[in-house]
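>
Residue numbers (our numbering): -16 to 446.
(1) Classify residue 244 as buried or exposed, calling it buried when 16 or more other Cβ atoms lie within 10 Å of its own Cβ.
(2) Less than 7 Å between the beta carbons of residue 42 and residue 280, yes or no?
(3) Should the stretch 15 to 25 be regarded as contacting the stretch 73 to 81, the criterion being three or more beta carbon pairs within less than 8 Å?
(4) Below 6 Å CB to CB, which residues in the same chain sit around residue 210 once its five sequence neighbours on both sides are set aside?
(5) Quick check: the stretch 393 to 410 against the stretch 149 to 166, are at least 3 beta-carbon pairs closer than 8 Å?
(6) Starting from residue 69, follow the beta strand (DSSP E) in both directions and report where the run begins and ends.
(7) List the whole-angstrom C-beta distance separating residue 362 from residue 356, where the pair is believed to meet the contact cut-off of C-beta under 8 Å.
(8) Excluding five sequence neighbours on each side, which residues of the same chain lie with their C-beta closer than 6 Å to the C-beta of residue 54?
(9) Report yes if the CB atom of residue 62 is closer than 7 Å to the CB atom of residue 254, and no otherwise.
(10) Can you say whether residue 220 is buried or exposed, counting buried as having 16 or more other CB atoms within 10 angstroms of its CB?
(11) In angstroms, rounded to a whole number, what distance separates the CA positions of residue 115 and residue 121?
(12) Cα separation between residue 240 and residue 261?
(13) Tell me, to the nearest whole angstrom, how far the beta carbon of residue 308 is from that of residue 44; I am working on the premise that it is less than 8 Å.
(14) By the DSSP assignment, the beta strand (DSSP E) with residue 285 in it spans what residues?
(15) Going straight from the alpha carbon of residue 368 to that of residue 67, what length do you get?
(16) When you compare the stretch 128 to 136 with the stretch 336 to 344, are there three or more beta-carbon pairs, one atom per stretch, that lie closer than 8 Å?
(17) Rounding to the nearest angstrom, what Cα-Cα distance links residue -14 and residue 252 in this structure?
(18) Classify residue 360 as buried or exposed, calling it buried when 16 or more other Cβ atoms lie within 10 Å of its own Cβ.
(19) Any idea if residue 85 is buried or exposed, counting beta-carbon neighbours within 10 angstroms, 16 or more meaning buried?
(20) Cα separation between residue 3 and residue 64?
(21) Mind checking whether residue 373 and residue 46 have CB atoms under 7 Å apart?
(22) For residue 37, which of 231, -1, 274 and 316 has the nearest alpha-carbon?
(23) Which ranges would you report for the alpha helix (DSSP H) in the stretch 314 to 386 if only whole runs of at least 4 residues count?
(24) Where does residue 299 land, buried or exposed, given buried means 16+ other C-beta within 10 angstroms?
(25) Beta carbon of residue 285, beta carbon of residue 142: below 7 Å?
(26) Does residue 200 come out as helix, strand or coil in the three-state DSSP assignment?
(27) For residue 48, which residues from the same chain have a beta carbon less than 8 Å from its beta carbon, with the 5 sequence-adjacent residues on both sides left out?
(28) Using three-state DSSP, classify residue 171 as helix, strand or coil.
(29) Where does the unbroken alpha helix (DSSP H) through residue 32 begin, and where does it stop?
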């Protein structure tokens, strides 16, 4: 890689051969997670194989465009760091609920467009609000995201919800095989291969599934070789208040996720993220989310697994990730590839999903491990938030007697858990403690909850 004294490593442009190889590595590290969101949402809405393939190719196309906006940037859009963009898992549960009860994909896309516009408007202000989103809140939310998605992986492993052979041993055996391959690659393979263990597990599972009759590739032959996602392919967006409220909560979560990733990449690359570039990065997130609503896909955020890849490879050039964005654009213009991905049997995705979603939950625990739980009420914040967040996951009909708008917000464990974490953190760690109560508690030898100093270390240090 050619370097000069006056060029920051982030702005260096490697030779074309290295650019392509490093870029492909970033694509492989995030591909499985990128296609998981359209697979989950499309499967829940019972889309046809052709529509599911269209959804996947549209997602890959906008993933590439969003990555290019973030890495290359223009005007006040893009943080101009090696950041890979992809669909956020935080929006999965709300989108499934909106799609199945509120009007299908048009209602989803209407709420996504509004959420994207809100992110762009809030971007300049969000840096000032970071103290209300400490690791206590973000760690709790990430934990809830991972745990609430695990039932999806369980349904996949059993054959897919509604499948005639749901729960048959051969389905679970295939999912177990994929899980074993992922773990084996993660443990014994070289570092580069371990970074794409999930993708290799899916490939191995597909290789086994074909001879045993798990797959149906009939849709591949019908798909076009080249295609372009057209705006509003699934109909004119519908703007429903309850759906918009739910997606605005998701927008706050994704802004928090992206902020943490941007700060982390800034530290890894030696280019500290200041308030202005942070706002530029969040504004790019919002623009990408608006494009997602227009071009038949979903909200976008920075992908944490690619942040880890930057740290592992020590390749800090943003042009490497920009090359990865270009590769994704090319993949999004090949509908046959989307049809192949759509034909992957559910048990294969189930084995990989257990790792992917479990990793998300474990990331939340890792964030919470940096939080102080002595002499404060942080344990109460986490406990109640997780309980409220997982209540609709364990008891899906718990809010069945409530109004539709309430169900849309609270039936999503992620939305409910995020709201709870924010409110409880404000209640216990930001509202002033009455002096008499504090003195009485101290004289009794009781821990006093309150005061921002007791929450945990600043977010910048935690990341």
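Backbone N, C-alpha and C define an ideal beta-carbon position, used for all residues, glycine too.
Source: prediction; values computed, not measured.
In brief:
(1) In the chain shown, the residue the question calls residue 244 occupies position 261. Residue 244 should be labelled buried.
(2) Position 59 of the chain shown, counted from the first residue, corresponds to residue 42. Position 297 of the chain shown, counted from the first residue, corresponds to residue 280. Going by C-beta atoms, residue 42 is nearer than 7 Å to residue 280.
(3) Output reads yes: the stretch 73 to 81 touches the stretch 15 to 25.
(4) The residue you call residue 210 lines up with position 227 of the chain shown. For residue 210, where only same-chain residues beyond five positions count, the Cβ hits under 6 Å are 318.
(5) no
(6) Here the question's residue 69 lines up with position 86 in the chain shown. Per DSSP, residue 69 belongs to the beta strand (DSSP E) from 68 to 70.
(7) By 1-based counting over the chain shown, the position of residue 362 is 379. By 1-based counting over the chain shown, the position of residue 356 is 373. Yes, residue 362 and residue 356 are in contact; Cβ-Cβ is about 5 Å, under 8 Å.
(8) Residue mapping note: residue 54 aligns to position 71 of the chain shown, counting from 1. 301, 304 and 305.
(9) In the chain shown, residue 62 corresponds to position 79, counting from 1. In the chain shown, residue 254 corresponds to position 271, counting from 1. No. Outside cutoff.
(10) Translated into positions along the chain shown, residue 220 becomes position 237. With a threshold of 16 other beta carbon atoms within 10 Å, residue 220 meets it and is buried.
(11) Mapped onto the chain shown, residue 115 falls at position 132. Mapped onto the chain shown, residue 121 falls at position 138. In a straight line, the C-alpha of residue 115 is about 10 Å away from that of residue 121.
(12) Within the chain shown, numbered from 1, the residue matching residue 240 stands at position 257. Within the chain shown, numbered from 1, the residue matching residue 261 stands at position 278. Using only the alpha carbons, I get a separation of about 12 Å.
(13) The sequence position of residue 308 within the chain shown is 325, counting from 1. The sequence position of residue 44 within the chain shown is 61, counting from 1. With 8 Å as the limit, residue 308 and residue 44 do not qualify as a contact, their Cβ atoms being about 10 Å apart.
(14) Within the chain shown, the letter at position 302 stands for residue 285. Counting along the chain, the unbroken beta strand (DSSP E) around residue 285 starts and ends at 283 to 285.
(15) Along the chain shown, read from residue 1 onward, the residue named residue 368 stands at position 385. Along the chain shown, read from residue 1 onward, the residue named residue 67 stands at position 84. Rounded to the nearest angstrom, the two C-alpha atoms are 30 Å apart.
(16) yes
(17) Position 3 of the chain shown, counting from 1, holds the residue named residue -14. Position 269 of the chain shown, counting from 1, holds the residue named residue 252. With a pLDDT of only 48 at residue -14, under the threshold of 50, the placement of this residue in the model should not be trusted, and no figure is reported.
(18) What you label residue 360 is simply residue 377 of the chain shown in a count that begins at 1. Classification of residue 360: buried, given that the 10 Å Cβ count is 16 or more.
(19) On the chain shown, residue 85 is found 102 positions in, with the first residue counted as 1. By the 10 Å Cβ count, residue 85 comes out buried.
(20) For the purposes of this step, residue 3 is identified with residue 20 of the chain shown, where counting begins at 1. For the purposes of this step, residue 64 is identified with residue 81 of the chain shown, where counting begins at 1. Their backbone Cα atoms lie some 18 Å apart in a straight line.
(21) Residue 373 sits at position 390 when you count from the first residue of the chain shown. Residue 46 sits at position 63 when you count from the first residue of the chain shown. Their beta carbons are not under 7 Å apart, which means residue 373 does not touch residue 46 by this criterion.
(22) Counted from its first residue, the chain shown places residue 37 at position 54. Per the Cα distances, 316.
(23) 318 to 325, 329 to 351 and 361 to 377
(24) Looking up residue 299 in the chain shown gives position 316. A residue is called buried when at least 16 other Cβ atoms come within 10 angstroms of its Cβ; residue 299 meets this threshold and is buried.
(25) Within the chain shown, numbered from 1, the residue matching residue 285 stands at position 302. Within the chain shown, numbered from 1, the residue matching residue 142 stands at position 159. No, Cβ-Cβ distance for residue 285 and residue 142 is not below 7 Å.
(26) Stepping through the chain shown from its first residue, residue 200 is reached at position 217. Coil, per DSSP.
(27) For the purposes of this step, residue 48 is identified with residue 65 of the chain shown, where counting begins at 1. Result list for residue 48: 271, 274, 308 and 312, in chain order.
(28) Stepping through the chain shown from its first residue, residue 171 is reached at position 188. Helix.
(29) By one-based count along the chain shown, residue 32 stands at place 49. For residue 32, the enclosing alpha helix (DSSP H) covers residues 32 to 54.
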